[in-house]
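Step one of this worksheet: look at the structure below.
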Amino acid sequence: EGVEYDPDNIMAAYVESLSESSLTAYAHAQDEVTCLDCHDITVLRQLYLQLDPDANELEGRNMSKLSKDLCLSCHESSELIELTKDSNLPEFKGINPHIHVADEDKLLRCSSCHKMHKEESININYCYSCHHAGVLVSCSECH
Numbered sequence: 001e002g003v004e005y006d007p008d009n010i011m012a013a014y015v016e017s018l019s020e021s022s023l024t025a026y027a028h029a030q031d032e033v034t035c036l037d038c039h040d041i042t043v044l045r046q047l048y049l050q051l052d053p054d055a056n057e058l059e060g061r062n063m064s065k066l067s068k069d070l071c072l073s074c075h076e077s078s079e080l081i082e083l084t085k086d087s088n089l090p091e092f093k094g095i096n097p098h099i100h101v102a103d104e105d106k107l108l109r110c111s112s113c114h115k116m117h118k119e120e121s122i123n124i125n126y127c128y129s130c131h132h133a134g135v136l137v138s139c140s141e142c143h
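Numbering follows full-length UniProt numbering, with no gaps: position 143 of the sequence shown is 143.
Given below as structure tokens:
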């Protein structure tokens, strides 16, 4: 808004990700989800203009601050669980990764696994930071 696209700007990679079909941002763009549906305009403008070197720490809906509630406003928890109930990724050992979408402690965010503007790669070590010893079951099953 009020600025022209500059391929050398910090935001260029994010804008370009909207047309990269292998990225989640592309799928959202195809569904007419705009940047402002997820990100605060003040934060975007400051990042784009590079007025503040600490702009990614500003309050607002930037990448590191996106809550799963924002994602769940479009993607219903029950639908995600149903879509991935037969997950056969060996990393998950038959456990549906979206069961944890409703965790109360807010430690797990959708962006912990799903990257909008980068190639996705599931880092199973993130899971193991809570599920120690590589065990993907609830605490009560072991303790």
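For every residue, glycine included, the Cβ atom is placed at its ideal position computed from N, Cα and C.
Bear in mind the structure is a predicted one, so any value in this text is a computation, not a measurement.
From Ala-27, Asp-8 and Asn-9, residue whose alpha carbon lies closest to that of Glu-119: Stepping through the sequence shown from its first residue, residue 119 is reached at position 119. Of the listed residues, the one whose Cα sits closest to Glu-119 is Ala-27.
Nonlocal neighbours in the same chain, by C-beta distance under 7 Å from Leu-18, ignoring five residues either side: Here residue 18 is taken as the residue at index 18 of the sequence shown, counted from 1. Counting only Cβ-Cβ distances below 7 Å, and skipping sequence neighbours, we find Ala-25, Tyr-26 and Ala-29.
Length of the line joining the Cα atoms of residue 150 and Asp-6: As displayed, the chain neither begins before 1 nor continues past 143, which places residue 150 out of reach and without an answer.
Local conformation of Asp-69 per DSSP, three classes: Your numbering for residue 69 matches position 69 in the sequence shown. Three-state DSSP puts Asp-69 in a helix.
Glu-83 versus Cys-71: straight-line alpha-carbon distance, rounded: To locate residue 83, count along the sequence shown from 1; it is residue 83. To locate residue 71, count along the sequence shown from 1; it is residue 71. Reading the sequence as shown, one finds Leu at residue 83 and not Glu. Between Leu-83 and Cys-71, the alpha-carbon positions lie close to 16 Å from each other.
Residue burial classification, Lys-68 (beta-carbon count within 10 angstroms, cutoff 16): Locating residue 68 in the sequence shown gives position 68, where the first residue counts as 1. Counting every other CB atom within 10 Å of its CB across the protein chains shown gives Lys-68 a total of 16 or more, marking it as buried.
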